[in-house]
Amino acid sequence: MSFNRGAIISFLISAFSCNLAFGQTETDPAVQQIIEQLAEELPEDFDFSDLTERLNFYRKNPVEVNRITRDQLQELFFLSPLQIGAFLEHRLSTGNFLSLLELQAIEGFDLQTVQKLNAFVYISDPNSLAGIKAKSLLSRGVNDLMFRYSQYLQQQKGYQQNETDNRRTYLGSPQRLLLRYRYTYGRTISASLNMEKDAGEAFSPPGKIPGFDFNSANIFIKDAGTFKKAVVGDYSLQFGQGLTLWSGLSFGKSAIISSLVKPALGLQPYKSTNETLFFRGLAATFRYKFLDVTTFLSSRKLDAGLELRTDEKPVITSLPQSGLHRTVNEFSNKQAARQTVYGAHLQIRKGNFHSGLTGYHSRFNYDMLPGNSLYNQFYFSGTALGNLGLNYGFTFKNTYVFGEAAYSDNNQIALLNGLMSSISSQVSVVLLHRYYPKNYRSFFNQAVSESSNAINETGFYSGLTVKPNSKWEISAYADLFRFPWLKFGVDAPSFGHELFGQVNYNPTKKTKWVLRYKFEQKQENDDLLNTINTLEDVSRQGYRIEFGSKINKTFSIKNRIEFSNYKKETLRREMGWMIYQDIGFDPAKSKFSANMRLAVFDTPGFNSRIYAYENEVLYSYSVPAYQNSGIRFYLNTRYSVNRKIDLWTKFSVSNYFDLQTIGSGAEQINGSKRSEVKLQLRYQF
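If you use the numbering used here, the sequence shown corresponds to residues 1 to 685, in order.
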């Protein structure tokens, strides 16, 4: 299509004329780079707040490099198990680091890795946290209070009164509100509180106590006497490779090949606003020499769809994961069922070898019944499920071998095994094989998979990273997968494969080029009106060219052009493209900083959509889909009122050239423009 110059100019004038008193600067570049690389293969609604908060904490509170632990290195995510092992071995064999420049001497550490790590460590005498007293908890503790408001400026259909009954579809107001509080005392004690209301949710729902729709809190103690870790409140558990028990933050395939190996962090305080991926209760990790023992007990209410059967006893027919309670039906599902989970994890770490045994029991207060569709006949049914898992990992020379075997009490075993090896200082590989039976069952299963859950899948992944010198990096992977049983929208066993390649070129420390290609092919039901569906091959291709540069001490730019190509056998090919220009403004020692993006895109629709990470207000995240034809603009600014108070705002607007309405159902906006404003205030004391 051809773009009308007058429409673009008019759009830009309207965008800049909006009230933009405040906004946000981009996330710290060291943090942003890590998140953007991990975000590429994740869904649009993936919650990055936990990772963002963790990395920003270490950015603001770097760890003394001679005292940083294995667990803390794992929490940084960008270091592979081989690199962590090499770091610890180097420090043990050569003694304490005298300069951060020595990091370049560690085997497997290239210049980019050293630069990333330098952002989170320092060399100095550590602060002692010995002799903690009640008074010092108040006087020396750090408090962080933040409030965030966001809202679409155009009215959506769900907030309009229906003509039939004069009521609205959504129970609440269109504002999304978040109140967030954090307390830290060194690295030993922390507390967190999240209170959130999504757009459309009510502050005063019928028959309920007024307040935020979602509330989450915890108190976390670390390295305190007998306790290695202890949590009261909401927490996550991350063991092995995610096949038996994993909740909270999890990544899979991405441009960072080493991220395929999960850094099992064990017990962690839960700080995200995701309303499903956590436990609520008590948990603690005890350490005795080379043995860690984690015990946990959780009991919390879950959103559930209930039905009454002939005996008038309710049964669970679905477990909604959205966390949204905007309509009468959504609100009726809120906390309708209770799940109790208890168990333990034992881990042995001896030199370069570690192994863990996980066992736990899950129980619902009502029977759960799967749907009547053929594809879900192997799903869990009943009230109780037991799971047992064994994971391992060891380093031999330049190779790290890892894996996990998981058992569910319907006598099914799932397996995952892999290795990561540094063939030379320039070449490293990752290999992973997975076998997930169609009737393996686990409610907390986030192992590497092509599907959303690690069931009904076998596959083999091979990844390669080549760094011929400090300026070039080549990453590539191939993933072959097969689904032995039916899936939603796939009425027969199916298979597919994925290919990925990326070249990074850094001619200078301030300039970066990226060239990427991705191809994926799967099978889906045809779109014909058949009595029996047949499978068709569906392919998606993506091409990307990106350039970024730090022009001077004040300005930086980033440009990207990306193409998408979608083809299903009986459908017409869809081809789309997107171009954006980012400009960053961050003068030294200034209270004000900002960044903006102008993007133009043209895709036939949903199938050829293109995802792109966007800068946000602090601790927020956004990876929207660019689809249809139009232009998108956003502006972030940040203003530091003083040392304690910061103010952010993000304003974004999308103008579509080929749409008269945006969205569907209750989310529908009449018109071709959708704009959003976010305001955020942080007070540190």
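All C-beta atoms in this analysis are idealised placements derived from N, C-alpha and C, irrespective of residue type, glycine included. From a predicted model like this one, the values you see are computed outputs, not experimental measurements.
Would you mind sorting residue i into buried or exposed? The rule is 16 or more other CB atoms within 10 Å of its CB.
i	result
A105	exposed
R434	buried
Q155	exposed
A224	exposed
Q347	buried
G248	buried
Q581	exposed
Q680	buried
K289	exposed
F685	exposed
S590	exposed
D409	exposed
L92	exposed
E404	buried
A588	exposed
A722	The chain is shown only over 1 to 685; residue 722 falls outside these bounds and no answer can be derived.
G351	exposed
Y122	exposed
V315	buried
R5	Here the model assigns R5 a pLDDT of 48, short of 50, so the residue's position is not dependable, and the following value carries that caveat. With fewer than 16 other Cβ atoms within 10 Å, it is exposed.
F220	buried
D311	exposed
E307	exposed
A344	exposed
G665	exposed
N615	buried
Nearest to residue i by alpha carbon, out of the options?
i	options	result
E450	F444, F460, R441 and S442	F460
G501	I610, A588 and I256	I256
I413	Y400, L388, V401 and F394	L388
D198	A264, A492, L324 and A283	L324
R300	R309, A337 and V503	A337
N56	R182, R482, W472 and Y517	R182
K509	D50, Q541, I551 and R682	I551
M596	A625, E473, S556 and I34	S556
G605	D658, S470 and D71	D658
K650	A594, R441 and A625	A594
Q339	K350, S322, L277 and D311	L277
E31	T310, S620 and R609	Position check: residue 31 holds Val in this sequence, whereas Glu was assumed. For the residues T310, S620 and R609, the minimum Cα distance to V31 belongs to S620.
S675	Y683, R682, M420 and I662	I662
P174	V341, R326, Y360 and S629	R326
T226	S254, A217, T294 and G240	T294
Q112	F592, K467, Y613 and N628	K467
I583	Y375, W577 and N559	N559
K157	I189, I669 and L82	I669
K717	S322, Q377 and V232	What is shown of the chain runs 1 to 685, which leaves residue 717 out entirely.
Y566	Q426, G172 and G542	G542
By DSSP's criteria, residue i is part of a beta bridge. Which residues make up the other side?
i	result
D234	R280
Q502	S475 and R516
T508	T511
G542	K518 and S564
V490	K487
V600	I579 and I631
Y360	G343 and N387
Q680	R148 and W648
F220	S190 and V231
L103	Note: L103 sits in no beta bridge, so no partner.
A612	In DSSP, A612 forms no bridge with anything.
I256	I256 is not bridged to any residue.
S621	Reading off the sequence shown, one finds Tyr at residue 621, where the question assumed Ser. Note: Y621 sits in no beta bridge, so no partner.
Comparing the C-beta of residue i with each C-beta of chain C, is any distance below 7 Å?
i	result
F57	This model lacks chain C altogether; it includes just one protein chain.
If contacts are defined as beta-carbon pairs under 8 Å, then residue i and residue j qualify, I think. What distance do you get, rounded to the angstrom?
i	j	result
N417	Y436	Rounded, the Cβ-Cβ distance is 13 Å, inconsistent with contact.
Y58	L76	7 Å
V617	R148	7 Å
L369	T317	6 Å
R540	V514	Contact doesn't hold; Cβ gap of about 19 Å is too wide.
S564	Q523	Not really, about 20 Å apart at Cβ, beyond 8 Å.
E275	F331	Going by Cβ atoms, the distance from E275 to F331 rounds to 14 Å, so no, they are not a contact pair.
H361	G386	5 Å
G266	T244	About 13 Å separates the two Cβ atoms, so there is no contact after all.
*Going along the chain, which unbroken runs of the alpha helix (DSSP H) with 4 or more residues stay wholly within the segment 63-91?*
Whole alpha helix (DSSP H) segments, 4+ residues: 70-75.
_Minimum length 3: unbroken beta strand (DSSP E) runs contained in the segment 157-203_ = If only complete runs of 3 or more residues are kept, the segment 157-203 shows the beta strand (DSSP E) at 176-185 and 189-197, in order along the chain.
*Sequence ranges, beta strand (DSSP E) only - wholly within the segment 410-462, length at least 3*: Given a length threshold of 3 residues, each whole run of the beta strand (DSSP E) inside the segment 410-462 is given here in chain order: 412-422 and 427-436.
*asked:* Please give me, in chain order, every unbroken run of the alpha helix (DSSP H) with length at least 4 that falls completely inside the segment 313-338.
replied: Runs found: 328-332.
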